[in-house]
Structure formats: C-alpha cells, structure tokens
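To start, the structure under review is shown below, and the notes come after it.
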Amino acid sequence: MAPNRRAFARSPARFAATTLIGAALLATGVARAASHDIASFIKEHDRNGDGVVTAQEYQAVRDQQFKALDTNGDGWVSEAEYTAEFEARLNKENVAPERKAQQLKQTHIRFVAIDLDGDQKMSREEFMASGWRMFGFHDKNGDQKVDQADVALAAAFKPLLDKDRADAGKAP
Ligand SMILES: [Ca+2]
Ligand SMILES: [Ca+2]
Ligand SMILES: [Ca+2]
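Heads up: the sequence shown runs through residues -33 to -1, 1 to 139, numbered per mature numbering (1 follows the signal peptide of the UniProt record, and there is no 0).
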C-alpha cells in the first residue's frame, strides 16, 4: 500500500465516505438485492455472452469503461467526467428529476470513495481497485469468476440475511 493511500485510509474524509456508502447501501437493502445485483453485474460485464464473467473479461471491460470515462484523454477521470457519464445514462433512462438529484448525490459519494488518495483525480489504479472490490463482492464462492453459481449462493443466503435482520429488530 502506498504511504499516501495509508494516510487517506485513516483520514476523516475516508471515514465519512465509507460510512455514507455503508448507510446508502443499507438503505437500499443491499442484502435483499444481492442475487439480483449479481445478475445485473453479469449482464453488464459478460462480453462474450457465455453467462460467465471471468477476471480477464472483467479487466477488459473495466479498461474500456475507464477510457470512455476519461473523455478528454488526460489519463485520469475528474468528478465532472464521472458525473457527466452517469447523468447521460440517467437522461437516457428518463429518470424522474427528484430521483436524478438523489442519484447524482450518490455519484459524488462514489467518486470520493474511489478516489482513495483524495487528490480529486480518479486514476486508472483507483478505478481498477474499486472494480476488484466489486468483483470480489459478487464472486461469492471465490473462484475468480462471477456466474450463476454466485447468483444461486446469494439467493440461498438471502433468507438467512433477512432472518438476521428481522431478529435484530426484535426486543431481547
Ligand atoms: Ca463471459
Ligand atoms: Ca486519486
Ligand atoms: Ca464465482
């Protein structure tokens, strides 16, 4: 780990970013949506359409995404570039204005979380590191592939996670 990254890992900005993301994920019910999220992840990254996202395939798609995000081609992605891409997607999907404003706020939180050293530039390394965290999160059985086996695992654990949550809500 680079020293500047280590410093940021301890910094209040980093803490605030990860806490906000945690809260946002809980609010949207990440456990409930886990199996659905993996299915969308496969749809978005399965380049050859065999239903499996290999690590190599993911790397290639992620590389392409970074290039597309870096619209002025200076080798890093600014928050403006990052937001513009997301906003274009929301516009295409005809998202309601109030939902759009909320989503753009999330975009800022995501940018801060990906920009590990806090220099306001999303480097390729930072973008890839964030991608591998996501890949690892979806690869439930840890075989370096994301496929239906991971969807099935997430679906199988869903009732357990839901039960934990229900129990947590009960008085002791
Ligand atoms: Ca594939
Ligand atoms: Ca950075
Ligand atoms: Ca897997």
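Every residue, glycine too, gets a C-beta built ideally from N, C-alpha and C.
Looking from the CA of Gly18, the closest CA among Ser90, Glu65, Asp117 and Lys88 belongs to Asp117. When rounded, the separation of the alpha-carbon atoms in Gln111 and Leu120 is 15 Å.
One alpha carbon belongs to Lys130, the other to Asp4, and they sit about 20 Å apart.
According to the DSSP assignment, Leu36 belongs to the alpha helix (DSSP H) that extends over Ala22 to Leu36. Distance from the CA of Leu71 to the CA of Glu48, rounded to the nearest whole angstrom, comes to 13 Å. Val113 carries a strand assignment under DSSP once its states are collapsed to helix, strand and coil. Around Phe33, the same chain offers Arg91 and Phe94 as residues with beta carbons nearer than 6 Å, after the five sequence neighbours per side are excluded. In the structure shown, Val79 falls within a helical segment according to DSSP collapsed to helix, strand and coil. Per DSSP, the continuous alpha helix (DSSP H) segment holding Lys10 begins and ends at Ala1 to His12. In this structure, the C-beta of Gly98 stays at least 8 Å away from each heavy atom of ligand 3.
By the Cβ rule, the segment 22 to 33 counts as touching the segment 98 to 106, because three or more pairs are nearer than 8 Å.
Annotation for Glu11 indicates a beta carbon at 8 Å or more from all heavy atoms of ligand 1.
If you keep only unbroken alpha helix (DSSP H) runs of at least 4 residues inside the segment 38 to 99, you get 46 to 59 and 64 to 81.
Inclusion of Phe53 and Thr74 in the CB contact set at 9 Å is warranted, their separation being smaller than that value. In the structure shown, the three-state DSSP call for Lys125 is helix. Shown here, Val118 sits in a helix according to DSSP, grouped into three states.
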